[in-house]
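Take a look at the structure set out below.
There are 2 protein chains.
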Amino acid sequence: MEMVARLAGVSQVSVSRALNHPDKVAPETLARIQEAIRATGYVPNLVAGALASRRSGIIAALIPSITNLTYSSFLRPFIEATRLAGYQVILAETGFSPDDEQIMVQSLLSRQPEGMLLTGVHHSSECRRMLLGSGLPVVEVWDESETPIDVCVGFSHWEAGRAVARYVQKKGYTRAAVITAGDMRALRRKDAFAAELTSLGYPSPPVVSFDTPASIANGRDGLKQLLENGFSNGVISCSSDLLAHGVMIEAQARGLTIPGEIAVIGFSDQDFAAHTFPSLSTIRVDRLSLGRRAAEALLARIAGKPAETRRVDVGFEMIERESA
Amino acid sequence: MEMVARLAGVSQVSVSRALNHPDKVAPETLARIQEAIRATGYVPNLVAGALASRRSGIIAALIPSITNLTYSSFLRPFIEATRLAGYQVILAETGFSPDDEQIMVQSLLSRQPEGMLLTGVHHSSECRRMLLGSGLPVVEVWDESETPIDVCVGFSHWEAGRAVARYVQKKGYTRAAVITAGDMRALRRKDAFAAELTSLGYPSPPVVSFDTPASIANGRDGLKQLLENGFSNGVISCSSDLLAHGVMIEAQARGLTIPGEIAVIGFSDQDFAAHTFPSLSTIRVDRLSLGRRAAEALLARIAGKPAETRRVDVGFEMIERESA
DNA sequence: ATGAAAGCGCTAACAT
DNA sequence: ATGTTAGCGCTTTCAT
Numbered sequence: 001m002e003m004v005a006r007l008a009g010v011s012q013v014s015v016s017r018a019l020n021h022p023d024k025v026a027p028e029t030l031a032r033i034q035e036a037i038r039a040t041g042y043v044p045n046l047v048a049g050a051l052a053s054r055r056s057g058i059i060a061a062l063i064p065s066i067t068n069l070t071y072s073s074f075l076r077p078f079i080e081a082t083r084l085a086g087y088q089v090i091l092a093e094t095g096f097s098p099d100d101e102q103i104m105v106q107s108l109l110s111r112q113p114e115g116m117l118l119t120g121v122h123h124s125s126e127c128r129r130m131l132l133g134s135g136l137p138v139v140e141v142w143d144e145s146e147t148p149i150d151v152c153v154g155f156s157h158w159e160a161g162r163a164v165a166r167y168v169q170k171k172g173y174t175r176a177a178v179i180t181a182g183d184m185r186a187l188r189r190k191d192a193f194a195a196e197l198t199s200l201g202y203p204s205p206p207v208v209s210f211d212t213p214a215s216i217a218n219g220r221d222g223l224k225q226l227l228e229n230g231f232s233n234g235v236i237s238c239s240s241d242l243l244a245h246g247v248m249i250e251a252q253a254r255g256l257t258i259p260g261e262i263a264v265i266g267f268s269d270q271d272f273a274a275h276t277f278p279s280l281s282t283i284r285v286d287r288l289s290l291g292r293r294a295a296e297a298l299l300a301r302i303a304g305k306p307a308e309t310r311r312v313d314v315g316f317e318m319i320e321r322e323s324a
Numbered sequence: 001m002e003m004v005a006r007l008a009g010v011s012q013v014s015v016s017r018a019l020n021h022p023d024k025v026a027p028e029t030l031a032r033i034q035e036a037i038r039a040t041g042y043v044p045n046l047v048a049g050a051l052a053s054r055r056s057g058i059i060a061a062l063i064p065s066i067t068n069l070t071y072s073s074f075l076r077p078f079i080e081a082t083r084l085a086g087y088q089v090i091l092a093e094t095g096f097s098p099d100d101e102q103i104m105v106q107s108l109l110s111r112q113p114e115g116m117l118l119t120g121v122h123h124s125s126e127c128r129r130m131l132l133g134s135g136l137p138v139v140e141v142w143d144e145s146e147t148p149i150d151v152c153v154g155f156s157h158w159e160a161g162r163a164v165a166r167y168v169q170k171k172g173y174t175r176a177a178v179i180t181a182g183d184m185r186a187l188r189r190k191d192a193f194a195a196e197l198t199s200l201g202y203p204s205p206p207v208v209s210f211d212t213p214a215s216i217a218n219g220r221d222g223l224k225q226l227l228e229n230g231f232s233n234g235v236i237s238c239s240s241d242l243l244a245h246g247v248m249i250e251a252q253a254r255g256l257t258i259p260g261e262i263a264v265i266g267f268s269d270q271d272f273a274a275h276t277f278p279s280l281s282t283i284r285v286d287r288l289s290l291g292r293r294a295a296e297a298l299l300a301r302i303a304g305k306p307a308e309t310r311r312v313d314v315g316f317e318m319i320e321r322e323s324a
């Protein structure tokens with residue numbers, strides 16, 4: 001910066017100003033400085049800038065899994081929206097473990113981020129304490145909370161589970177089952193589904209639960225297990241479209257008709273859900289909007305705006321297609 | 001840090017030492033300092049540390065798309081491996097655009113990263129120039145290059161395309177077609193496939209190419225287009241497992257048998273490929289190993305080790321399953 | 001083994 | 001509109 005300044009015949013401060021507050025520099029000086037920057041190929045040092053200004057321009061994001069579309073599909077618009085606001089994102093993967101999450105939060109905090117995105121609302125108490133104590137703007141996404149750390153953008157997994165149960169009744173199915181991943185939010189939907197079914201007069205549905213990440217393989221295996229345990233002629237509610245797709249493939253391999261013999265409902269409306277054969281009935285969650293609104297909410301908090309709305313509900317929608 | 005020092009009855013420097021070089025501090029003093037850190041809830045400021053030490057502990061990673069498993073599946077082990085070495089990753093998404101990539105590289109460079117991961121080997125010349133000029137350790141992945149910027153970990157897309165063609169011949173198919181995404185690497189495989197087929201005496205295969213991201217919907221549409229143009233009783237080489245899966249679904253919807261009437265070959269062996277019905281023949285690329293080795297290579301360069309191997313070929317493998 | 005001094009490259013008051 | 005001065009919170013010599 002000193003070099004650029006000499007080349008432009010100004011002081012080093014003026015270069016800094018030209019970069020950060022170009023309106024506070026005479027147009028002609030500005031041009032000279034910009035030319036000098038070009039000539040020298042000067043690259044500003046944001047680390048030094050961050051230290052001096054106490055604004056790191058960094059946002060930390062923690063998601064359970066990068067390779068899981070559920071999460072990467074809201075992370076993408078989040079990164080994009082924060083980038084347009086001048087922020088860069090440091091990403092960490094928690095693998096669904098609150099303990100690892102806590103360690104990562106701690107380590108990320110030392111980067112002096114200006115905000116943080118957390119997936120879900122279940123964190124270790126130490127983690128909550130650190131975040132609360134730091135006063136850092138935090139947005140929790142993909143779930144809803146009565147007591148968010150700061151702001152929360154998501155939807156009610158409980159209500160989503162109930163909505164599926166009501167849909168099952170509306171469509172007149174008499175038998176129902178569940179195939180689910182083992183994460184807290186999926187299990188909550190499963191519990192709500194079972195509770196609502198029961199209150200509608202159904203027997204408690206058989207449940208197959210997997211601790212491994214949701215996959216087509218698990219979906220196939222899940223249907224196999226249900227059939228072996230005597231399940232037939234009913235609807236299966238899956239905790240993800242991927243599991244549902246697996247169920248469809250297994251049904252097809254066994255020559256079972258869908259939705260005639262086995263009906264299937266997915267969750268989240270991934271882009272392929274409309275294009276399976278038959279097309280997949282599912283719960284749609286607008287992850288693009290969720291990512292954007294999470295960014296908006298966090299940026300507002302960083303800008304110091306009062307958090308009038310600490311809880312944003314992006315809702316969900318039951319999508320009726322052919323599979324159930 | 002000053003506070004911690006006072007509490008432990010030492011100087012601020014000793015606290016810094018206790019954190020960075022614990023072996024250079026008397027065990028008893030170390031214990032006192034650690035206790036003081038715990039008591040105060042002190043969180044080190046890595047921004048200041050980075051400025052003073054000139055080591056940011058940051059690695060920048062650029063991938064075309066976060067929501068595309070092709071890329072996120074090598075990014076994951078890369079992030080994990082670099083994390084274990086004490087680094088944090090700033091992620092940026094280029095959307096397949098070399099121009100955007102260049103802008104992002106420039107903006108990322110000002111974070112003083114210690115290394116950078118780039119996807120592919122095709123970059124704007126300005127981008128290459130900046131990186132070369134900066135002397136920053138760079139690893140280019142998912143492709144191979146005669147002239148890497150620094151080090152390169154990938155495989156030959158040309159050879160992969162040829163391998164598929166030879167497989168097609170070996171299996172005795174007489175008609176072949178291609179459905180491909182529009183990115184440079186997929187197109188290169190397509191060209192190699194067509195060239196090899198031709199040299200084996202086949203006619204030039206019909207090609208359907210999509211500019212949108214590979215998807216099941218595109219796969220279905222691709223088969224539809226091929227059939228409308230008179231293609232039948234042959235094998236279709238797809239640039240991704242997702243496209244291949246779409247082809248299988250469309251075939252099923254039309255009552256075409258696989259591989260009898262339509263045979264399908266995918267690319268990359270995503271986890272579902274072994275679990276479709278019928279299972280999907282494909283080219284396997286070990287993305288876990290690729291991510292790890294990219295991290296290894298980059299960390300070695302950061303550690304200043306001479307780059308004896310500037311080019312690492314992780315290879316690929318033709319996986320024979322039922323679909324072709 | 002520990003401390004004192006200097007400075008990393010920049011920004012934010014405060015002058016002029 | 002521009003420059004001067006004083007740090008930001010740490011790490012790194014260098015001394016003791």
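In order, the protein sequence lines correspond to chains A and B.
Take 1 as the starting number for the first sequence in UniProt numbering and just add one per residue.
Take 1 as the starting number for the second sequence in UniProt numbering and just add one per residue.
Even glycine gets a Cβ: it sits at the ideal position worked out from N, Cα and C.
These figures come from a predicted structure and were not determined experimentally.
>> Using a Cβ-Cβ cutoff of 8 Å, what residues of the segment 79-93 of chain B are near chain A? List them in chain order.
In response: Ile79, Glu80, Arg83, Gln88, Val89, Ile90, Leu91, Ala92 and Glu93
> When you check each C-beta in the segment 50-67 of chain B against every C-beta of chain A, which residues fall closer than 7 Å?
Replying inline: Ala50, Leu51, Ser56, Ile66 and Thr67
> According to the neighbour-count rule (16 or more other Cβ atoms, all chains shown, within 10 Å of its Cβ), is B:Leu226 buried or exposed?
Replying inline: buried
> On the three-state DSSP scale, how would you describe B:Cys121?
Replying inline: For clarity, residue 121 of chain B is Val in the given sequence; the question names Cys instead. Note: B:Val121 maps to coil in three-state DSSP.
>> With H, G and I counted as helix, E and B as strand and the rest as coil, what does DSSP make of A:Ser209?
In response: strand
>> So, for B:Ser16: in the same chain, excluding its five sequence neighbours on each side, which residues have a beta-carbon less than 8 Å away from its beta-carbon?
In response: Met1
>> Is there a C-beta anywhere in chain B that falls below 8 Å from the one on A:Gln225?
In response: no
>> Just to check my reading of the structure: A:Pro64 and A:Thr119 have Cβ atoms closer than 8 Å, yes? What is that Cβ distance to the nearest angstrom?
In response: At roughly 6 Å, the Cβ-Cβ gap stays under 8 Å, so A:Pro64 and A:Thr119 are in contact.
> Nearest CA to the CA of A:Ala244: which residue from A:Glu261, A:Ala214, A:Leu256 and A:Gly234?
Replying inline: The residue from A:Glu261, A:Ala214, A:Leu256 and A:Gly234 with its alpha-carbon nearest to that of A:Ala244 is A:Ala214.
>> Beta-carbon within less than 7 Å of B:Thr40's beta-carbon, same chain only, minus the 5 sequence neighbours each way: which residues are those?
In response: Met3, Val4 and Leu7
> Between the beta-carbon of B:Met104 and the beta-carbon of B:Ala85, is there less than 8 Å?
Replying inline: no
>> For A:Ala186, tell me which candidate among A:Cys238, A:Glu228 and A:Gly219 has the shortest Cα-Cα distance.
In response: Nearest in C-alpha terms to A:Ala186, of all of A:Cys238, A:Glu228 and A:Gly219, is A:Cys238.
> Quick one, which residues of the segment 269-296 of chain B are near chain A if we go by CB-CB under 7 Å, in chain order?
Replying inline: Asp271, Phe272, His275, Thr276 and Phe277
>> Which residues in chain A have a C-beta closer than 8 Å to the C-beta of B:Pro22? List them in chain order.
In response: Within chain A, no residue comes near B:Pro22; the closest Cβ sits about 17 Å away, beyond 8 Å.
>> Three or more C-beta pairs under 8 Å: does that hold for the segment 167-181 of chain A against the segment 143-157 of chain A?
In response: no
> What does a CB cutoff of less than 7 Å around B:Asn233 pick up in its chain, not counting 5 residues either side in sequence?
Replying inline: Arg175 and Glu261
> Per DSSP, B:Cys152 forms a beta bridge with which residues?
Replying inline: B:Glu140 and B:Arg311
> B:Ser215 touches chain A at which residues, Cβ-Cβ below 9 Å?
Replying inline: Neighbours of B:Ser215 in chain A, taken as residues at a C-beta separation under 9 Å, are given in chain order as Asp271, Phe272 and His275.
> residue 326 of chain B and B:Ala61 look like a contact to me (Cβ under 8 Å); what is the Cβ gap, rounded to whole Å?
Replying inline: Residue 326 of chain B is absent from the structure shown; chain B starts at 1 and stops at 324.
> Whose Cβ in chain B lies nearer than 9 Å to the Cβ of A:Ala8?
Replying inline: Those do not exist, as A:Ala8 stays about 19 Å from chain B at its closest Cβ, beyond 9 Å.
> So does A:Ser73 have its beta carbon nearer than 7 Å to some heavy atom of the ligand GDP?
Replying inline: You won't find the ligand GDP in this model; it holds no ligand whatsoever.
> A:Ile258 and A:Leu242 look like a contact to me (Cβ under 8 Å); what is the Cβ gap, rounded to whole Å?
Replying inline: Rounded, the Cβ-Cβ distance is 16 Å, inconsistent with contact.
>> Check for me: the alpha helix (DSSP H) holding B:Val47 runs from which residue to which?
In response: Leu46 to Ser53
>> With a threshold of 6 Å on Cβ separation, who are the neighbours of B:Ala303 within its own chain once the five nearest residues in sequence on each side are excluded?
In response: none
> How long is the line joining the alpha carbons of A:Asp211 and A:Ala181, rounded to whole angstroms?
Replying inline: 6 Å
> Are the segment 126-139 of chain A and the segment 103-117 of chain A in contact at 8 Å, needing three or more beta carbon pairs?
Replying inline: yes
> For B:Arg220 and chain A, any beta-carbon pair shorter than 8 Å?
Replying inline: Chain A places a beta carbon closer than 8 Å to that of B:Arg220, counting this residue as a contact.
> Among B:Leu200, B:Val235, B:Arg287 and B:Gln252, which residue has its Cα nearest to the Cα of B:Gly315?
Replying inline: Of B:Leu200, B:Val235, B:Arg287 and B:Gln252, the smallest CA-CA separation from B:Gly315 is found for B:Arg287.
>> Runs of 4 residues minimum, wholly inside the segment 232-285 of chain A: which ones carry the alpha helix (DSSP H) assignment?
In response: Those alpha helix (DSSP H) runs which fall completely within the segment 232-285 of chain A and span 4+ residues are 241-253.
>> Let me see if you follow: with CB-CB separation under 8 Å, is A:Ile179 close to chain B or not?
In response: Output row for A:Ile179: interface = no.
> Got a sec? Which residues, its chain only, sit under 6 Å from A:Glu317 by beta carbon, not counting five neighbours each side?
Replying inline: Arg284
> In this structure, what does DSSP give as the bridge partners for B:Met130?
Replying inline: The partner list for B:Met130 (beta bridge, DSSP) is empty, contrary to what the question assumes.
>> For B:Asp99, which residues in the same chain have their Cβ closer than 8 Å to its Cβ, ignoring the five residues on either side in sequence?
In response: Ser124
> In chain A, which residues lie less than 7 Å from B:Pro44 when you measure between Cβ atoms?
Replying inline: Ser110
>> Going by DSSP, what residue range makes up the beta strand (DSSP E) through A:Met318?
In response: Glu317 to Ile319
> With B:Ala324 and B:Ala263 assumed to form a contact (beta carbons below 8 Å), what rounded beta-carbon distance in angstroms separates them?
Replying inline: The C-beta distance from B:Ala324 to B:Ala263 rounds to 4 Å, short enough to meet the 8 Å contact threshold.
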